[in-house]
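Asks: Residue numbers (this note's numbering): 323 to 654.
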Amino acid sequence: MIFWFFTQSKELEWHLNRVRMLEKIYLANPRGFCAGVKYAISYVEQVQANSKERIYVRKEIVHNRRVVEDMKKRGILFINDLDEAPDGATVVFSAHGVAPSVVEAAKQRGMKIGDATCPLVTRVHRKARKIKDTHQIIYIGHQGHDEAIGTMGEAEMFLVESPNDVIALKDKIDLNKPLTYLMQTTLSIADTKNIVDQISKTFPFVEHPVKDDICYATTERQEAVSSMMNHIDAMLVIGADNSSNSLRLLQLAQKSKPNSFKVTGADDLSKEYIQNNGIGILGLTAGASTPQVLVDEIIFKLKTFYPNAEVKLFPDSREDSMNFKLPGILLS
323 MIFWFFTQSK ELEWHLNRVR MLEKIYLANP RGFCAGVKYA ISYVEQVQAN SKERIYVRKE
383 IVHNRRVVED MKKRGILFIN DLDEAPDGAT VVFSAHGVAP SVVEAAKQRG MKIGDATCPL
443 VTRVHRKARK IKDTHQIIYI GHQGHDEAIG TMGEAEMFLV ESPNDVIALK DKIDLNKPLT
503 YLMQTTLSIA DTKNIVDQIS KTFPFVEHPV KDDICYATTE RQEAVSSMMN HIDAMLVIGA
563 DNSSNSLRLL QLAQKSKPNS FKVTGADDLS KEYIQNNGIG ILGLTAGAST PQVLVDEIIF
623 KLKTFYPNAE VKLFPDSRED SMNFKLPGIL LS
């Protein structure tokens, strides 16, 4: 009889958790657009305002479909390759940066060039150019990511995505030549630490940079998510599927709260998922290339599901204060 009562109580508790109503939505801060994304978008808008010609942007200006679609509506043309634009056209490079060979190809065709590369990515390019003749370079990044492709075009580098990739370099690194490493700016702090630790272990002579390349926005957004984990049931990340920093935020959240999830827009939201996972307190953050309008639409949709849910800024939060000024001359 006691055993029956115990099992029935556990079943009741399980069912109550499953149908728990969403009571509170905590907003992470900072979240959404970072200074580099704002810089890139403003750059394109200013070039268009100053020009009577068609403006071409090579690749997505930032990794967010909504931002790209909004620009298309305003007449901006997006291309994957310079061959898609005519000689002499005005071309702007995306926030992720490009290899020097792309810049040279544009110059050879008489194109007017705008560089909307995030200044923090430009800084990594500058480092690569400075050390390419004196050092072997390991690049910590993701194969095929636009930023990684651009940075690795600056010099010969060894790409690593995991500690095992570092170990595999044992027979490729010259032990008699200086060695250092660079990083993709949008990576997870925890992931890069594991890789850097392996680099130090495998190549004790490595020269560590004075400062790592993880961008301030990536770090601050990840810290904001980490600080919320003990106060929520799950984290909702808003971001594109090809947004590296959004995916890192999701991975970080899922380490503590496995039922954390990501959406690209309000249409992806599922009331059933929230209910079936017993989510009563939901954290909400957004990748660095996610516009505030998307955040607002998702909050609105959540409120239609749960009208009584309280939406508030998480108490332990801070403002994103960095800002990048556009250069006086936009085209070269």
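Virtual Cβ for every residue (Gly too), placed ideally from N, Cα, C.
1) Starting from ILE508, trace the alpha helix (DSSP H) both ways and give me its first and last residue.
2) Should ASN567 go down as buried or exposed, given a rule of 16 or more other Cβ atoms within 10 Å for buried?
3) Between the Cα of SER643 and those of ILE347, GLY358, LYS346 and LEU349, spot the shortest distance and give me the residue it belongs to.
4) Classify MET551 as helix, strand or coil using the three-state DSSP reduction.
5) Nearest-angstrom Cα distance between ILE620 and VAL633?
6) Among all the DSSP beta bridges, which residues are the ones paired with ILE401?
7) Who are the Cβ neighbours of LYS429 in its own chain at under 8 Å, not counting the five residues just before and after it?
8) Would ASN599 and ALA556 qualify as a contact pair, given that the criterion is a beta-carbon distance under 9 Å?
9) Counting beta carbon pairs with one atom in the segment 463-481 and one in the segment 399-409, are three or more of them shorter than 8 Å?
10) Here's the rule I'm using: 16 or more other beta-carbon atoms within 10 Å means buried, otherwise exposed. How should VAL615 be labelled?
11) With distances taken from CA atoms, which of ALA421, VAL390, ARG388 and ARG431 is nearest GLU406?
12) Suppose the cutoff is 6 Å on Cβ atoms and the five residues either side in sequence are ignored; what does the same chain contact list for ILE603 look like?
13) Where does ILE347 fall in DSSP's three states?
14) Below 9 Å between beta carbons: does that hold for ARG543 and ALA350?
15) List the endpoints of the continuous alpha helix (DSSP H) containing PHE525.
16) For MET740, which beta-bridge partners are listed by DSSP?
17) With DSSP as the reference, label THR412 as helix, strand or coil.
18) By Cβ distance, which residues of its chain are closer than 6 Å to GLN576, with the 5 residues on each side in sequence left out?
19) For the alpha helix (DSSP H) containing GLN465, name the first residue and the last one.
20) With distances taken between CB atoms, is the gap from THR514 to ILE462 smaller than 9 Å?
21) Under the rule that 16 or more other beta-carbon atoms within 10 Å means buried, what is VAL384, buried or exposed?
22) Taking DSSP as the reference, what is the three-state secondary structure of ASP437?
23) What is the DSSP secondary structure of VAL532, counted as helix, strand or coil?
24) Which residues in the same chain as PHE325 place their Cβ atom closer than 7 Å to its Cβ, once the five residues preceding and following it in sequence are excluded?
25) Please classify THR626: does DSSP put it in a helix, a strand, or coil?
26) Cutting at 6 Å between CB atoms, please list the residues of its own chain near PRO629, excluding the five before and the five after it.
27) Only counting the same chain, and skipping five residues up and downstream in sequence, which positions put a Cβ closer than 6 Å to that of GLU375?
28) Three or more beta-carbon pairs under 8 Å between the segment 497-504 and the segment 445-458, yes or no?
29) Within 10 angstroms of the Cβ of HIS530, are there 16 or more other Cβ atoms? Answer buried if so, exposed if not.
30) Using DSSP bridges, identify the partner residues of ILE406.
31) DSSP three-state label for LYS577, please.
32) Tell me, to the nearest whole angstrom, how far the beta carbon of ALA438 is from that of TYR365; I am working on the premise that it is less than 8 Å.
33) How would you call ASN645, buried or exposed, if buried means at least 16 neighbouring beta carbons within 10 angstroms?
Replies: Let's see:
1) Sequence check: residue 508 is Thr here, not Ile. No alpha helix (DSSP H) contains THR508, which DSSP labels as neither H nor E.
2) buried
3) GLY358
4) helix
5) 12 Å
6) ARG380
7) ILE435
8) yes
9) no
10) exposed
11) ARG431
12) LYS346, ILE554 and ASP555
13) strand
14) yes
15) Where PHE525 is concerned, there is no enclosing alpha helix (DSSP H), given that its DSSP letter is neither H nor E.
16) This structure cannot settle anything about residue 740, because the visible part of the chain is limited to 323 through 654.
17) strand
18) SER582
19) Looking at the DSSP string, GLN465 is not in any alpha helix (DSSP H), and its letter there is neither H nor E.
20) yes
21) buried
22) strand
23) coil
24) Low local confidence applies: a pLDDT of 45 at PHE325 is under 50, so the model's placement there is unreliable, and no value is given.
25) helix
26) none
27) THR412
28) yes
29) exposed
30) For the sequence presented, residue 406 should be read as Glu rather than Ile. GLU406 pairs with nothing; no bridge assigned.
31) helix
32) 4 Å
33) exposed
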